[in-house]
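*Asks:* All residue numbers for the sequence shown refer to this note's numbering, where the first residue is 18 and numbers rise by one. We put the CB at the ideal spot given by N, CA and C, even for glycine. Have a look at this one.
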Amino acid sequence: MKVVLAVDGSPCSLNAEQVLSKLPLSTSVDLHVVTVCPSADLHAMSSVPEVVQDMIDQCRAQSQKLIDDAAERCRSWCASVQTELLDGHPTKEVVEAADRLGADLIVVGARGQSAVSRFFLGSVSDGIAKNAHCSVLVVRRDETPEAPNSPEVKRILLAYDGSPAANCAAKLLASLNLSEDDSIVIHSVIERAPYAGLPVAETVYEVMQGELEPKVKHVAEELRHKTPHVSSVIHVAAHASDDLVAAATKHNSNLVVMGSTGKTVWERLFLGSVTSQVLHHAHCSVWIARPTCESN
18 MKVVLAVDGS PCSLNAEQVL SKLPLSTSVD LHVVTVCPSA DLHAMSSVPE
68 VVQDMIDQCR AQSQKLIDDA AERCRSWCAS VQTELLDGHP TKEVVEAADR
118 LGADLIVVGA RGQSAVSRFF LGSVSDGIAK NAHCSVLVVR RDETPEAPNS
168 PEVKRILLAY DGSPAANCAA KLLASLNLSE DDSIVIHSVI ERAPYAGLPV
218 AETVYEVMQG ELEPKVKHVA EELRHKTPHV SSVIHVAAHA SDDLVAAATK
268 HNSNLVVMGS TGKTVWERLF LGSVTSQVLH HAHCSVWIAR PTCESN
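Structure follows, in structure tokens:
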């Protein structure tokens, strides 16, 4: 599995590295550690003042040490590790690096911990989640009182609506080497439509639930090959994103796995309203599955 780990030296970045090291991936990891320097190497430009060039050299040296140190920490659990110092806009450079490498996954830390700061997420992690062509794991430290100190992922919420994107997320989850101690909650939400409150509404919800139930059952059966602790629920709610965030909090999940429908540039810009809202408001890490498994 080709993984791009974007680091910036912050505690959030280190937490993302630690969570990645404990992910129960089923294949070996070829890791590409990247960071983005604010300034490119300008030695070829004779007009740059020496004092400015010295500052740039110092910044680039610090950035290189940052990725070298991260790579050294990761060597024990990776099949291979490479580093790359990027120049330019962080979001653009990380996404393009992932494309160039044919990455399966980008891992990045989220800065927002409080309910308010989570809404703003962080421009880089938000931009990568929206614009990447591969799956993205946005790692957020679990700050709930019950959260263990270990970065291991043990309690997973799968957001599932029966769509191809949700099936992609389920497939990704089924590919992990989960243990019998891990737990999975398959959470499905049927959003209340504009006709809510009309006599026909309950009939429509029953039909939708009837169509969704066998799909949920099938996914649950597949996931029970990985762990016996699999449960499922189908809710009718006004807003799917709010219900999913509440479910993640209720179950003290430390990872939400969900699909993304964005394939075109325009669709990726908006990411998908439910996915985007969960990414911004969940207290825990969010793994957005796309599109390598969607094409299978």
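#1: Let's see if you can read the secondary structure: which residues bound the beta strand (DSSP E) around Val155?
#2: Just confirm the distance between the C-beta atoms of His204 and Val250, as a whole number of angstroms; I'd bet it's less than 8 Å.
#3: Whole angstroms is fine: what's the gap from Ser180's alpha carbon to Val206's?
#4: In three-state DSSP terms, what is Val295?
#5: Looking at the structure shown, is His49 part of a helix, part of a strand, or coil, going by DSSP?
#6: My guess is that Gly126 and Asn32 are in contact by the Cβ rule of under 8 Å, so how many angstroms apart are they, rounded?
#7: Does the Cβ-Cβ distance between Arg172 and Ser270 come in under 8 Å?
#8: On a CA-only basis, which of Val253, Val112 and Leu261 is nearest Gly227? Give me that one, please.
#9: Where do the N-terminal and C-terminal ends of the beta strand (DSSP E) with Val36 fall, by residue?
#10: Taking three-plus beta-carbon pairs below 8 Å as touching, is the segment 257–268 in contact with the segment 235–244?
#11: So Ile201 and His246 are supposed to be a Cβ contact under 8 Å. How far apart are they, rounded?
#12: So, for Thr244: in the same chain, excluding its five sequence neighbours on each side, which residues have a beta-carbon less than 8 Å away from its beta-carbon?
#13: CA-CA distance, Glu230 and Glu113?
#14: Do Ser192 and Ser43 count as a contact pair if the criterion is CB distance below 8 Å?
#15: If we count the other Cβ atoms within 10 Å of its Cβ and call it buried at 16 or more, is Ala264 buried or exposed?
#16: Taking the CB atoms as reference points, tell me whether Met12 and Ala186 lie closer together than 8 Å.
#17: For Glu208, which of helix, strand or coil comes out of DSSP?
#18: Report the CB separation of Cys91 from Glu169 in whole angstroms; it is logged as a contact under 8 Å.
#19: Kindly indicate which three-state DSSP category Phe137 falls into: helix, strand or coil?
#20: Of the choices His256, Leu154, Ser293 and Ser27, whose alpha-carbon is the least far from that of Ala120?
#21: Sort out for me which residues DSSP pairs Ala176 with in a bridge.
#22: Thinking C-alpha only, which one of Gly26, Leu122 and Leu83 is nearest His150?
#23: Suppose the cutoff is 8 Å on Cβ atoms and the five residues either side in sequence are ignored; what does the same chain contact list for Met18 look like?
#24: For Glu110, report the span of its alpha helix (DSSP H) as first-last.
#25: Taking Ser277 and Arg307 to be in contact with their CB atoms under 8 Å, please state how far apart those CB atoms are, rounded to whole angstroms.
#26: Out of curiosity, what's the CA-to-CA distance linking Ser27 and Leu296?
#27: With distances taken Cα to Cα, identify the nearest neighbour of Val399 among Cys76, Asp85 and Ser140.
#28: Quick check: the Cα distance between Glu219 and Leu261, rounded to an integer number of angstroms?
#29: For Ala88 versus Val21, is the C-beta spacing smaller than 8 Å?
#30: Just how far apart, CA to CA, sit Leu175 and Val111?
#31: Where does Ser302 fall in DSSP's three states?
#32: Among Val68, Thr52 and Cys95, which residue has its Cα nearest to the Cα of Ser80?
*Replies:* Based on what the coordinates show:
#1: On the sequence shown, position 138 is the one that residue 155 refers to. Element bounds for Val155: Ser152 to Val156.
#2: Here residue 204 refers to the residue found at position 187 of the sequence shown. Here residue 250 refers to the residue found at position 233 of the sequence shown. Indeed, because the Cβ distance is near 6 Å, the residues count as touching under 8 Å.
#3: Reading the sequence shown from its first residue, position 163 is the one you call residue 180. Reading the sequence shown from its first residue, position 189 is the one you call residue 206. Between Ser180 and Val206, the C-alpha separation is close to 12 Å.
#4: For this step, residue 295 is matched to residue 278 along the sequence shown. Helix, per DSSP.
#5: Taking the first residue of the sequence shown as position 1, residue 49 is located at position 32. In this structure, His49 counts as strand in the three-state DSSP scheme.
#6: Working through the sequence shown from its first residue, we reach residue 126 at position 109. Working through the sequence shown from its first residue, we reach residue 32 at position 15. The C-beta distance from Gly126 to Asn32 rounds to 6 Å, short enough to meet the 8 Å contact threshold.
#7: The residue you call residue 172 lines up with position 155 of the sequence shown. The residue you call residue 270 lines up with position 253 of the sequence shown. Contact flag set, yes.
#8: Position 210 of the sequence shown, counted from the start, is the residue given in the question as residue 227. The option with the nearest alpha carbon to Gly227 is Val253.
#9: Your numbering for residue 36 matches position 19 in the sequence shown. First-last for Val36: Pro28 to Lys39, but that is the alpha helix (DSSP H), not the beta strand (DSSP E).
#10: Result no; under three Cβ-Cβ pairs closer than 8 Å.
#11: Here residue 201 corresponds to residue number 184 of the sequence shown, with the count starting at 1. Here residue 246 corresponds to residue number 229 of the sequence shown, with the count starting at 1. Correct: roughly 7 Å between the Cβ atoms.
#12: The count along the sequence shown starts at 1 and reaches residue 244 at position 227. Hits under 8 Å: Leu195, Ser196, Glu197, Asp198, Asp199, Ser200 and Ile201.
#13: Taking the first residue of the sequence shown as 1, we reach residue 230 at position 213. Taking the first residue of the sequence shown as 1, we reach residue 113 at position 96. Looking at the two C-alpha atoms, the distance is approximately 39 Å.
#14: In the sequence shown, residue 43 corresponds to position 26, counting from 1. In the sequence shown, residue 192 corresponds to position 175, counting from 1. Contact flag set, yes.
#15: Translated into the one-based positions of the sequence shown, residue 264 becomes position 247. Residue burial is scored here from C-beta neighbours: Ala264 has at least 16 other C-beta atoms within 10 angstroms and is therefore classed as buried.
#16: For the chain, the structure presents residues 18 to 313; residue 12 sits outside this window and is missing.
#17: Numbered from its first residue, the sequence shown carries residue 208 at position 191. If DSSP states are grouped into helix, strand and coil, Glu208 belongs with the strands.
#18: Residue 91 sits at position 74 when you count from the first residue of the sequence shown. Residue 169 sits at position 152 when you count from the first residue of the sequence shown. Actually they are not in contact, since the Cβ atoms of Cys91 and Glu169 sit about 16 Å apart, beyond 8 Å.
#19: The residue labelled residue 137 in the question sits at position 120 within the sequence shown. Legend: pLDDT at Phe137 = 35, less than 50; position of this residue unreliable, value from coordinates given subsequently. If DSSP states are grouped into helix, strand and coil, Phe137 belongs with the helices.
#20: Here residue 120 is taken as the residue at index 103 of the sequence shown, counted from 1. Nearest option by C-alpha distance: Leu154.
#21: As a first step, residue 176 must be located in the sequence shown, where it is residue number 159. Answer is His204, bridged to Ala176.
#22: Working through the sequence shown from its first residue, we reach residue 150 at position 133. When C-alpha distances from His150 are compared across Gly26, Leu122 and Leu83, the shortest belongs to Leu122.
#23: Against the sequence shown, residue 18 aligns to sequence position 1. Excluding sequence neighbours, Met18 sits near Leu42, Thr44, Ser45, Val46, Asp47, Asp121 and Leu122.
#24: By 1-based counting over the sequence shown, the position of residue 110 is 93. For Glu110, the enclosing alpha helix (DSSP H) starts and ends at Pro107 to Leu118.
#25: Counted from its first residue, the sequence shown places residue 277 at position 260. Counted from its first residue, the sequence shown places residue 307 at position 290. Taking 8 Å as the upper bound for CB-CB distance, Ser277 and Arg307 are in contact here, some 4 Å apart.
#26: On the sequence shown, position 10 is the one that residue 27 refers to. On the sequence shown, position 279 is the one that residue 296 refers to. Rounded to the nearest angstrom, the two C-alpha atoms are 20 Å apart.
#27: As shown, the chain starts at 18 and ends at 313. That puts residue 399 outside it, with no answer to give.
#28: In the sequence shown, the residue the question calls residue 219 occupies position 202. In the sequence shown, the residue the question calls residue 261 occupies position 244. A straight line joining the alpha-carbon of Glu219 with that of Leu261 spans about 21 Å.
#29: By 1-based counting over the sequence shown, the position of residue 88 is 71. By 1-based counting over the sequence shown, the position of residue 21 is 4. Their beta carbons are not under 8 Å apart, which means Ala88 does not touch Val21 by this criterion.
#30: Here residue 175 refers to the residue found at position 158 of the sequence shown. Here residue 111 refers to the residue found at position 94 of the sequence shown. Leu175 and Val111 have their C-alpha atoms some 27 Å from each other.
#31: Within the sequence shown, numbered from 1, the residue matching residue 302 stands at position 285. In the three-state scheme derived from DSSP, where H, G and I count as helix and E and B as strand, Ser302 is classed as strand.
#32: Residue numbering aside, residue 80 sits at position 63 when the sequence shown is read from its first letter. The shortest Cα separation from Ser80 among Val68, Thr52 and Cys95 belongs to Thr52.
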